[in-house]
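Below: the structure, in structure tokens.
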Amino acid sequence: MFYDHQQIEKKWQKYWEENQTYKTSNNTDKPKFYVLDMFPYPSGAGLHVGHPLGYIASDIYARYKRHQGFNVLHPVGYDSFGLPAEQYAIQTGQHPAITTEENINRYEEQLKKIGFSFDWSREVRTSDASYYKWTQWIFIQLYHSWYNKNTDKAESIDSLIQYFEEKGTEGLSANQNDELNFTAEEWKNASDIDKEDILLNYRLSYRAETTVNWCPALGTVLANDEVKDGKSERGGFPVFQKKMMQWSMRISAYSERLLQGLNTLDWPQPLKDSQEYWIGKSQGAQVQFKVEGHDETVEVFTTRPDTIFGATFMVLAPENPLVETITTDAQKVEVDTYIEETSKKTERDRMSDVKNVSGAFTGSYAVNPFSNEKMEIYISDYVLMGYGTGAVMAVPAHDERDHRFAKKFNLEIKKVVETEEDVQEKSFDSKDSVCVNSDFLNGLHYNEAKVKMISEIETKGIGHGTTNYRQRDAIFSRQRYWGEPVPIYYKDGMPYTLPTSALPLELPEVEKYLPTEDGDPPLGNAKDFAWDEANQKVVATDLIDDKTIFPLELSTMPGWAGSSWYFLRYMDPNDEEAFVKKELADYWGQVDLYIGGSEHATGHLLYSRFWNMFLKDRGYISHDEPFQKLINQGMILGMSAFVYRIDGTNQYVSKNLAKDYQTQQIHVDVSLLKGTSDELDTEAFKAWRPDYAEAEFILEDGKYITDREVEKMSKSKYNVVNPDDICEEYGADGLRLYEMFLGPLEQSKPWNTQGLSGVYGFLKKFWNLYFNGEVFEVSDEEPTKAEYKVLHTLIKKVVYDIENFSFNTSVSSFMIAVNELQKIKCNKRNILEPLAVIISPYAPHICEELWSLLGHGTSIEFEKFPALNEDYLVEDEIEYPVSVNGKMKFKISLSAQLSAKEVEDLVISNEKMQQILEGKTPKKIIVVHHRIVNIVI
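This is the structure:
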């Protein structure tokens, strides 16, 4: 019977939509299971075949759990704020909302064609005001919270105000920007503005001067992961370090909890390692060094206080405020020039550049508090202002970077840890030796020396033991248009939150999406964007009088804001009274399975965990961690095609002749190849782009053969394969099966369209099991034991594979089972019905059609997954090979129920064995039960 995949898939996609087959109920006695894909950004290019890989895997798992009787939440939505739509708006004037809507419609059309079992009724978009109302609400809750180190959680700012009223800062243990000291009396006497200023020092969302990655061409601040090699990831524009007033999120308060929480998660170890490294916990001491001729001191954090006698110079971050104060007139030009150069590098670039040594001498000296020796003070880009104190005591004998710096600037290298190595030539960084040249530390091992030195530092009153974290607070402002407005207005220069009743603060219309002439962000172009405090509403900007009508914040939130809590909104997407009802958050709890790319390790996955912990602290949800199990899917790689252009000409030489010429390798669109071959359609190539219209070709055997290479699938490499084309030719079920068949989910693997024919052949064979020629024919006859064995072997394998996410081996098992059933001409209902259920998570359209043909009036989706009966896997008979003196003589079939002794007796009494023995008694008989019989005579 002809397998018409196009007609079948359209029919069932329509059925699922009309019947809302995948709509999830919140009211059920079933156990829950929450399956989620990482939030897609709807780009203008649409999906290529690499994008659905993770979605197909999560969809298989979601369908499988439904078959197991779970109430499955498997939602979809769009992270729809983003730079690409805004850049397009700047270029064309088209509002980003229009571009975004078009892109989403395209994505949805493609996703529905692949047959995903999403609950579309729960779709969310971060750029919808009904959604970002709650993103703004969470921001306001963060603003009105502080982190109490004693209770180790976030609390309402009201409790901090009460503390100040009773005790001032005495005994306060809080995460803060600066350590403040004041009495209860001083707090009570402070003005309202001063109180607001003090509270900003503790709030979890706060405004402060911060060093940021500023991209003038894009007119915005970029996150570290949006910058590559000193340029913006989008557009490749130069990025500079710049100090600006920015909104930040106090994620640093959660560093220890974020670190400890990793132990409770079933995540890939490399991803956990990335977060652990990013958080960067280290234990050591904070120490103050006096600066000669100045009242200021240089404070450093060191993990090796045991080496302080070997500290021979100091290095400050170029941004350290002390640099301006202590730089001498003679060194000012050199220092200023160096600072200017450093501003062109991002922190990430500075951290990763371990080879290049550079710096400038400030002209000032510090004094080593233990050796009393003078230490030159330098600045260098390898010291970061955001980590520790923005200054290091350099111990060149025992630190590789300090050693390179000392060699470059000819500074003293002093050995203080025993080693046979020549520290003048190479640093010795080990902790496995004893202290030398260190006065009272001599002879002590690392741990003893560290404890003793911290005690001495504290006795001298120049510092204390402490724990430090590399992770810095997350910058939360973007000088862009297309993002969530920050619900803040300014009164007397102080920020105040809008009342929650005024939310959402909607994005205003603007005439242009670029910064204003005064350098304000694009929202500065809005005509209606001011806050009327008395009437609590947004009014015209030109009414601002700073008495009753005040300016609103002109920055927008960063791209990660909306994606930091979307998993919670899916639980209750249409609630107008809360971001999620507590009882629904308690029912759905954590995401049980989260699938997405590893590139989000230190961005989205950290921010989501931070917001989730905060919302738990404040009592809105009950679980600490958002994502219990996480899988990073690998990439599907493209097979790029290249032509060879002879330098300085418009001639293109075929692959195997290119070695004879000086050529340039150029990507060409894979759609220009003939069929599935490597041959270029030269006429199509000439029509592709105007600069190729006059192309000439040097052919081999009358053909132009392209070179091929496996690399990342990307529009810029012209190697993208559109899933729509695959669905058209091979069907969505073919696409789903093939993407799983390509290899283990976590690994990257190359796409090869030719490979689809094998999977498509399997689908046709599976379809025809249910037909006799053109007639649907399924027998109600009881299956044989052999038929049941095929089915239950498959059940056992598929259950194991799905639960271990080994989807590729399931597809192989389907093929084996269908081949075996075809060979024995099985058309029994008791085999073919469960077979359709087993295969349906992978190939839902064909299985729905077969289920319907089998006489069922409801969807296959909620049928119970077939249960394994191990009895069918037990062999009735075993064929034993019988070897005599190491040579196999004959085979004998015996009941599988026989014991080893019974097998031995039957083999010896066998007529063939008696002929071989010729009356002799065997010296040795070895029976490997259910395997083989060895006899020595």
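The sequence shown: position 614 = 643 (the numbering used here), numbered continuously.
All residues carry an ideal CB built from backbone N, CA and C; glycine is no exception.
Predicted, not measured: the structure shown is a model, and the values here were computed from it.
Does DSSP classify residue i as helix, strand or coil?
i, result
"D561", "strand"
"Q97", "coil"
"D226", "helix"
"H696", "strand"
"Q680", "strand"
"S234", "strand"
"D148", "strand"
"W175", "strand"
"S284", "helix"
"G667", "strand"
"C464", "strand"
"K257", "strand"
"F505", "coil"
"P514", "strand"
"L702", "strand"
"L102", "strand"
"V866", "helix"
"I824", "helix"
On a CA-only basis, which of the options is nearest residue i? Give me that one, please.
i, options, result
"E130", "G106, C244, M668", "G106"
"N253", "H633, D615, M343, W166", "H633"
"D187", "D66, D830, R232", "R232"
"Y747", "D753, E738, I755", "E738"
"P60", "P69, V78, V672, K94", "K94"
"T782", "F919, Y767, Q270", "Y767"
"K794", "E849, G784, V749", "E849"
"V465", "V936, N349, F434, G339", "G339"
"L140", "S888, G83, E405, S220", "G83"
"Q97", "I907, L543, A896", "A896"
"R433", "V840, K481, D382", "D382"
"S888", "N132, P870, D900", "P870"
"F438", "T53, V446, S637, S409", "S409"
"W560", "N554, D547, P580", "P580"
"D335", "F399, E376, H874, D181", "F399"
"T332", "V352, G309, T326, T341", "G309"
"I242", "A687, D707, L702, R379", "It is Asn, not Ile, that sits at residue 242 in the sequence shown. Out of A687, D707, L702, R379, R379 has the C-alpha closest to the C-alpha of N242."
The alpha helix (DSSP H) that contains residue i, what's its start and end?
i, result
"A158", "158-172"
"I486", "475-489"
"E195", "186-196"
"M380", "376-381"
"G787", "785-797"
"G763", "761-770"
"E328", "That residue, E328, is in no alpha helix (DSSP H); its beta strand (DSSP E) goes 326-331."
"E906", "First-last for E906: 906-913, but that is the beta strand (DSSP E), not the alpha helix (DSSP H)."
"T293", "No alpha helix (DSSP H) contains T293, which DSSP labels as neither H nor E."
When burial is assigned at 16 or more other CB atoms within 10 Å of the CB, is residue i buried or exposed?
i, result
"V847", "buried"
"M917", "exposed"
"F805", "exposed"
"T496", "exposed"
"F68", "buried"
"M274", "exposed"
"S202", "exposed"
"I127", "exposed"
Give the DSSP bridge partners of residue i, in chain order.
i, result
"Q312", "T496"
"Q270", "N242"
"W276", "R236"
"K744", "Answer is none; K744 lacks a bridge partner."
"I578", "D561"
"R154", "Y107"
"F800", "F805"
What are the boundary residues of the beta strand (DSSP E) that includes residue i?
i, result
"L923", "916-924"
"V956", "953-957"
"I961", "961-965"
"L66", "This sequence places Asp at residue 66; Leu is not what is there. Element bounds for D66: 61-66."
"E405", "403-408"
"P125", "Looking at the DSSP string, P125 is not in any beta strand (DSSP E); the run it does join, the alpha helix (DSSP H), is 125-142."
Should residue i be flagged as near chain C, meaning a C-beta pair shorter than 8 Å?
i, result
"E708", "Of the protein chains in the structure, only one exists, and it is not chain C."
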